[in-house]
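Participant: Chains as they are written, first to last, in the numbering used here: chain A, 1 to 275; chain B, 1001 to 1317. Idealized CB from N, CA, C, for every residue including glycine. Model, not experiment: these values are computed from the prediction. This is the structure I want to talk about, given as structure tokens.
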Amino acid sequence: MPVWTWLGWHKGRATTAWPQRPGDDGQDGVLGLPRLDAARCVASDSGCSDCAAACPASAITLRDGGVQLDYARCVGCQLCTEVCPEGAFSVSHDWAFAVRDKADLLNPGRVPAAPQPADNSADATALAAEIKAFGRSLHIRHVDAGSCNGCESELQALLNPFYNLHRLGIFFTPSPRFADLLLVTGPVTAAMREPLLRTYEAMPQPRWVMAAGTCATGGGTNGGGYACHQGLDGILPVDVWLPGCPPNPAALIEALLLLLRQRAQRVHGGVYEHA
Amino acid sequence: MESRFEGQTLRAGAVLAERVSGIDSVAHALAYAQAVEGAMGWRAPPRARYLRVILAELERLYNHLHYLGHLAKTTTLKVAEAEGHLLEERVKQINARLTGSRFLRGLITPGGLRRDLDISGLDKALDAITADIDSYLLRLENTRSHLDRLMTTGTLPRQVAFDQGATGPIERASDLDRDLRRDHPYANYEKVRFSVPVQQAGDAHARSLVRMEEIHESLAIIRQTIGRTKPGEVLRFEPMEEPDPQGEGLGWVEATRGGLLYAVHLSADRSRLSRVKIKDPSFSNWRVFPFTVEDSNMMDYAINEASFGLSIAGADR
């Protein structure tokens, strides 16, 4: 035991300075969800539907000859970037996809993006005030509602010394009674629906819900069918949606900070804005 | 999950296979791809087969490091837990720089790999963590409090392991010397030299020892493979062998947790999947676990469970 204590001290600090200060977010090289340049799409002229046919998660639809990409369903498999003959889809490193309103995850393609819904409704203000009252502390109850364990692996990574989530005042708790945030992964299987709802009921108010991972935001490749729902839609009121398959630890941190109003939302109308 | 494969294209099937058990993405995609290749008579090009070996061993590496961190957590070695998970994180970051995915997703597909990889920096990246891994494993093996909790905990006798179909590190810790990589080579495993660690005790300590030795072997396999990988194409669709007349194929992989099997049945025109059957190693090993619990100390339960290193998603297919 003393040897381990010495080792820990000797090795020094392993934690990144990010996100409080500029530093390594640890995601060098990580591919995000594909970027859509709808102006390049020629589907309306040629009737091409290669992308929609290749997408295993039904995230791409062709409506009125135009292409639409629903990031809530995108699993980032990058197949569309390989099949599009016009290069309308391109590989990106855009992974900080957390949004408060699910509608922001839909890239409508050619249709000009709707004006940004300003985040100043009475509800939002009340929510912001509530969140502020918590200061910097947040306790999370995580429920795996049928995930592939990819998201779980990244959630556990949050606790490793590199990300060290505790330093941000965010903790996981095993009991919903002590939780402020219900973090759900997986498409919600029929068997997990009831335990999930009961977990939510057991949480004290005010309480928030985050849908983490594409399964939870829109079903992804694993939702639907006879055994699953299509994510949290219609099951729980969700405050933050974070697609990604799986969302990497830095994306999870960005999403948690978005909930705590310490980070700005990057995605509006399905378009990713770079800081 | 199996029913989701039905009606999918062969390419989309690989994306789905990666999402059956996220931490075994490579193993699942590889077993699936090999099953389809068997049905179609395809054979992946040599470079793709070598790169598949590298991907599979990187997956084993980060999973085993996570396993040791978790095991140290159950024996209340906080620093060892942190160190294990930090090493896992460093391997995942290497994965991301190499492939764009921390879980090595989006590469393996029937016929080879979807794109080529630049493995020139991999050697150096692994060199940078090998010394840390070595001293970590050595230190764990020299920590008495840790060993004391593992030894004689959750003993799985050889005969029970055999009868109940234990697989992977679990069976090898109970003196069953089986490994698909060596016994029925796939990818390019017949061209690399490695040993298959086997332990006799069948307890939690034996299970962790097998994994520790596998970490050394994985690193050695990756190094050998890097040296042998020659430039070339990575995707090929021409039939090299007689396609299966029924459109059926079987793929197998020695995944991190043991033998993983995919059986595929293609549609009449061989463009889509009509049925896919998955046998995940965790499915076999969950069955074995209860045989080690009986008459055991309650305080040892968590340690015993961690020593099995089971995946829930893998068992639920």
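#1: Please say whether Lys1279/B and Leu1250/B have beta carbons closer to each other than 7 Å?
#2: Taking only beta carbons into account, state which residues of the segment 17-31 of chain A come closer than 8 Å to chain B, listed in chain order.
#3: By how many angstroms is the C-alpha of Leu256/A removed from the C-alpha of Thr199/A?
#4: Looking at chain B, is there any beta carbon in it that lies within less than 7 Å of the beta carbon of Asn222/A?
#5: Should Pro34/A go down as buried or exposed, given a rule of 16 or more other Cβ atoms within 10 Å for buried?
#6: Am I right that Leu1140/B and His1146/B are in contact with their C-beta atoms under 8 Å? What's the rounded C-beta distance?
#7: Identify the contact partners of Phe1103/B in chain A, using a Cβ-Cβ distance below 8 Å as the criterion.
#8: What in chain A is Cβ-close to Arg1049/B, meaning under 8 Å?
#9: Can you list, in chain order, the residues of its chain whose CB lies under 7 Å from that of Asn1063/B, leaving out five sequence neighbours each side?
#10: Expressed to the nearest angstrom, what Euclidean distance is found between the alpha-carbon atoms of Asp1179/B and Val1196/B?
#11: Give me the residue from Asp1134/B, Val1036/B, Leu1051/B, Trp1286/B with the minimum Cα distance to Gly1111/B.
#12: Looking at the secondary structure, which residues open and close the alpha helix (DSSP H) in which Phe1308/B lies?
#13: Looking at chain A, which residues of the segment 1210-1225 of chain B have a Cβ within less than 8 Å of any of its Cβ atoms?
#14: Using a Cβ-Cβ cut-off of 7 Å, state whether Ile1023/B counts as contacting chain A.
#15: Report the three-state DSSP secondary structure of Lys1073/B (helix, strand or coil).
#16: If you count every other CB in all the chains shown that lies within 10 Å of the CB of Phe1289/B, and 16 or more means buried, which is it?
#17: Can at least three beta-carbon pairs, one atom from the segment 1178-1194 of chain B and one from the segment 1144-1158 of chain B, be found at a separation below 8 Å?
#18: Take the Cβ of Thr5/A as the centre, count every other Cβ of all protein chains shown within 10 Å, and call the residue buried at 16 or more, exposed below.
#19: Between the segment 201-231 of chain A and chain B, which residues of the former have a C-beta closer than 8 Å to a C-beta of the latter?
#20: Does the segment 175-182 of chain A come close enough to the segment 203-210 of chain A to have 3 or more Cβ pairs within less than 8 Å?
#21: Output, in sequence order along the chain, the residues in the segment 1016-1041 of chain B whose CB is closer than 7 Å to any CB in chain A.
#22: Can you name the start and end residues of the beta strand (DSSP E) that Lys1279/B belongs to?
#23: Verify the CB distance criterion: does His1064/B have a CB-CB separation below 7 Å to chain A?
#24: Under the three-state reduction of DSSP, which class applies to Gly1258/B: helix, strand or coil?
#25: List the whole-angstrom C-beta distance separating Thr217/A from Gly234/A, where the pair is believed to meet the contact cut-off of C-beta under 8 Å.
#26: Which of the three DSSP states, helix, strand or coil, is assigned to Arg100/A?
#27: Does the count of Cβ pairs from the segment 1001-1014 of chain B and the segment 1075-1091 of chain B closer than 8 Å reach three?
#28: Run through chain B and tell me which residues come within less than 7 Å of Ala39/A, C-beta to C-beta.
#29: DSSP on His1205/B, reduced to helix/strand/coil?
#30: Using 8 Å for Cβ pairs, my map puts Leu106/A next to Asp70/A. What's the rounded Cβ distance?
#31: Mind checking if Glu1089/B is an interface residue toward chain A, Cβ cutoff 7 Å exclusive?
#32: May I ask you to report which of helix, strand or coil DSSP gives His1064/B?
Facilitator: Taking the coordinates as given:
#1: no
#2: Gly26, Gln27, Asp28, Gly29, Val30, Leu31
#3: 20 Å
#4: yes
#5: buried
#6: 6 Å
#7: Gly150, Ser153, Pro246
#8: Correct list: empty, because the minimum Cβ distance to chain A is about 21 Å.
#9: Ile1023, Thr1256
#10: Taking the straight line from one Cα to the other gives about 7 Å.
#11: The candidate whose alpha carbon is nearest that of Gly1111/B is Val1036/B.
#12: 1301-1308
#13: Here the close residues number zero.
#14: yes
#15: In this structure, Lys1073/B counts as helix in the three-state DSSP scheme.
#16: buried
#17: no
#18: Exposed, because fewer than 16 other Cβ atoms sit within 10 Å of the Cβ of Thr5/A.
#19: Gly220, Thr221, Asn222, Gly225, Tyr226
#20: The segment 175-182 of chain A, when compared against the segment 203-210 of chain A, does touch it at the 8 Å Cβ threshold.
#21: Here the close residues are Leu1016, Arg1019, Val1020, Ser1021, Gly1022, Ile1023.
#22: 1273-1279
#23: no
#24: Shown here, Gly1258/B sits in a strand according to DSSP, grouped into three states.
#25: In fact, because the Cβ distance is near 13 Å, the residues do not count as touching under 8 Å.
#26: Correct three-state label for Arg100/A: coil.
#27: no
#28: Within chain B, no residue comes near Ala39/A; the closest Cβ sits about 25 Å away, beyond 7 Å.
#29: helix
#30: 5 Å
#31: Yes, Glu1089/B lies at the interface with chain A (some Cβ there is under 7 Å from its Cβ).
#32: helix
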